[in-house]
Every structure is written in structure tokens, then in C-alpha cells.
Amino acid sequence: MDHTERFWNASIDELKRGYVEEKAGFLCLLCGKAIEKGIIYPDHDKLYEAERYMTVHIQREHGSVFQYLSGLDKKLTGLTEHQNRLLQLFYQGKSDKEVQQEMGIGSASTIRNHRFALKEKERQSKVLLTMMELLKEKDNHAPAIVEIPKQARMVDDRYNVTEEERQAILAKVFPSGTQGPLKTFKLREKQKYVVLREIATRFEPGRVYTENEVNDLIGRDNPDYVTIRRYLVEYGFIDRKDDGSEYWLMT
Numbered sequence: 001m002d003h004t005e006r007f008w009n010a011s012i013d014e015l016k017r018g019y020v021e022e023k024a025g026f027l028c029l030l031c032g033k034a035i036e037k038g039i040i041y042p043d044h045d046k047l048y049e050a051e052r053y054m055t056v057h058i059q060r061e062h063g064s065v066f067q068y069l070s071g072l073d074k075k076l077t078g079l080t081e082h083q084n085r086l087l088q089l090f091y092q093g094k095s096d097k098e099v100q101q102e103m104g105i106g107s108a109s110t111i112r113n114h115r116f117a118l119k120e121k122e123r124q125s126k127v128l129l130t131m132m133e134l135l136k137e138k139d140n141h142a143p144a145i146v147e148i149p150k151q152a153r154m155v156d157d158r159y160n161v162t163e164e165e166r167q168a169i170l171a172k173v174f175p176s177g178t179q180g181p182l183k184t185f186k187l188r189e190k191q192k193y194v195v196l197r198e199i200a201t202r203f204e205p206g207r208v209y210t211e212n213e214v215n216d217l218i219g220r221d222n223p224d225y226v227t228i229r230r231y232l233v234e235y236g237f238i239d240r241k242d243d244g245s246e247y248w249l250m251t
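Here full-length UniProt numbering is used: the first residue of the sequence shown is 1, the next is one more, and so on.
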């Protein structure tokens with residue numbers, strides 16, 4: 001199970017922490033960084049045991065779990081941009097009057113109404129979560145759905161892929177196995193997503209690649225490797241510098 005799947009399967013308490021404990025160490029749910037138990041980690045003239053160092057990592061690399069979550073696509077958070085901004089200001093500890101002045105909307109009472117609406121959304125979410133958990137105990141026919149990447153930029157029906165569909169698509173377009181050459185990239189959007197998702201697993205988190213290295217990972221035997229490289233960026237699987245000199249895996 002990769003860290004994206006761990007993220008979506010984590011409990012509320014685990015998501016609030018931003019990491020989970022495993023047998024050998026701790027895994028960051030936000031980027032997949034693993035920190036091994038039993039090692040003392042030096043950092044800026046301080047020494048940290050593994051779990052404490054994980055909290056340092058989250059603060060340094062992600063700001064906070066709240067900041068990371070608020071940066072996810074609105075189709076993943078279920079929040080409008082307006083609601084997201086309100087939550088960010090509330091998280092910063094601003095009063096209703098300060099929020100109203102900063103956003104330039106209505107009055108302090110308007111902000112209280114927004115607070116009420118968000119509280120109602122929270123109650124609805126709790127009910128839905130409980131119902132979905134209960135459903136898992138009864139629904140024996142639900143297909144396994146491939147988890148949507150947290151960095152997805154275009155969340156729509158193309159991401160509605162079952163595990164069975166994913167395996168069938170990969171078998172068709174990678175006849176020699178997923179590490180072999182791609183048969184074609186002239187595919188429907190859902191199929192392209194599956195292919196791009198698979199190719200993205202060839203990249204190492206935290207490593208910076210040159211354009212030539214990216215092309216090698218994609219496979220130069222594929223005449224569409226330039227198009228695939230562009231799609232990997234457009235779909236949010238990898239990012240790059242504006243001049244294309246460096247590429248890295250998005251987490």
C-alpha cells in the first residue's frame with residue numbers, strides 16, 4: 001500500500017497527526033517520507049528521536065497538516081474556495097470582526113452565519129462517515145476503487161477506475177509488463193490516467209531529475225514520451241522548473 005492509499009485509509013486521529021506508526025518506523029501521510037525507529041536524527045544542533053523528528057519534518061516541509069489539507073483540490077476537500085479561506089483565517093486565530101475586515105464581506109454577524117454553515121457541514125460529514133463505515137460491513141458487492149492521488153488537479157470521472165479496470169488497462173498497454181515498453185498512448189482519458197499513474201511509480205520521492213532522466217524513465221522507445229512527460233506535469237504527478245531543467249515527483 002503506497003502512502004496515497006495510506007492517506008485515504010487513515011483514521012481522523014492519524015490524519016490530524018499527519019503520520020502513522022509502522023513496525024519499523026513512522027510514515028508521513030502527506031508525502032510518504034519514512035523515518036526509521038531506533039535512530040537519533042541530528043538537525044540544526046539538536047538531536048531527535050524518530051517520532052519527534054517526524055513532527056519536525058511535517059512542520060518544515062508542509063507547514064502544518066491543516067495547511068497541507070487546505071491546499072488540496074476543492075473536489076477532495078468538498079469546500080468552496082470561500083469556505084476554505086474562512087477556515088484558514090479561523091485557524092490563524094482571527095476574530096469574526098478581523099475575518100470580516102480581511103475578506104471585506106458583510107459584517108461580523110455574516111461571519112457567524114458562515115461558522116454555523118461550516119458546523120452544519122461538519123455534522124453532515126460525521127453522519128456520512130458513520131453511514132459509510134456501517135455500509136462497509138454489509139456491501140459485499142462494492143468494487144475496489146483506485147485511490148485518487150492527493151495531488152490530482154482535474155478531479156472528474158476519469159478517476160472513477162476500479163482495480164479490475166486498472167489491471168485490464170495495464171495488461172493491454174504494457175504487454176511485456178509495467179516495467180516494459182508502452183504499446184501506445186493514444187488512449188481515452190481514463191486509460192491515460194491509469195498509464196500515467198503507473199509511470200509515476202518509477203519516480204523516487206524527494207529526488208530531482210533532469211529532463212533526459214525523465215525521458216529515460218518514461219521510455220525513449222515510446223515515440224510519445226514528450227507528450228507523456230507533459231501529461232505527467234498536467235495531471236500533477238510530477239512538477240518541474242519553468243525552464244524544464246529539473247523535475248520531481250509530486251507528493
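We treat Cβ as the ideally placed atom computed from N, Cα and C, and that holds for glycine.
Considered as a whole, the UniProt domain "DUF2087" (182-249) harbours 238-240, 247-249 as its complete beta strand (DSSP E) runs of no fewer than 3 residues, in chain order. Bridge pairing for proline 42: Leu47 [DSSP].
Ranked by Cα distance from glycine 219, the options Gln179, Leu27, Arg188 are led by Gln179. Boundaries of the beta strand (DSSP E) harbouring tyrosine 19: 19-21, taken from the DSSP string.
Histidine 62 and threonine 4 have their alpha carbons spaced roughly 16 angstroms apart. Collapsing the DSSP output to three states places glutamate 147 in coil.
Threonine 251 and glycine 106 do not touch by the CB rule: their CB atoms are close to 38 angstroms apart, not below 8 angstroms. Excluding sequence positions up to five before and after tyrosine 231, its CB lies within less than 7 angstroms of the CB of Lys192, Leu196, all in the same chain and listed in chain order. The alpha carbon of isoleucine 148 has as its nearest neighbour, out of Thr162, His141, Leu135, the alpha carbon of Thr162.
Ranking Lys183, Met54, Glu164, Glu211 by CA distance to the CA of alanine 142 puts Glu164 first.
Taking a 10 Å sphere around the C-beta of glycine 18, we find 16 or more other C-beta atoms and assign the residue as buried.
Using a Cβ distance threshold of 8 angstroms, valine 155 and leucine 76 count as a contacting pair.
Within the model, the alpha-carbon separation for tyrosine 159 versus valine 56 is close to 33 angstroms.
The beta-carbon separation of arginine 207 and tryptophan 248, rounded to 7 angstroms, stays under the 8 angstroms limit for a contact. Inter-residue distance for isoleucine 169 and glutamate 36 is about 36 angstroms (C-alpha atoms, whole angstroms).
Cβ neighbours of tyrosine 68 within its own chain (closer than 7 angstroms, five residues either side excluded): Leu30, His62.
Here valine 20 has Arg6, Ala10, Glu14, Phe26, Leu27, Leu29 as same chain residues with Cβ atoms under 8 angstroms from its own Cβ, once five neighbours each way along the sequence are excluded. Between the C-alpha atoms of lysine 97 and lysine 16 there is a straight-line separation of about 28 angstroms.
Judged by DSSP secondary structure, isoleucine 35 falls within the beta strand (DSSP E) whose first and last residues are 34-36.
The continuous stretches of beta strand (DSSP E) do not include phenylalanine 90, which lies in the alpha helix (DSSP H) extending over residues 81-91. In this structure glutamate 102 is in contact with leucine 89, their Cβ atoms being roughly 6 angstroms apart against a cut-off of 8 angstroms. Lysine 186 has its alpha-carbon roughly 46 angstroms from the corresponding atom of tyrosine 91.
Under the three-state reduction of DSSP output, threonine 251 falls in the coil class, being neither helix nor strand.
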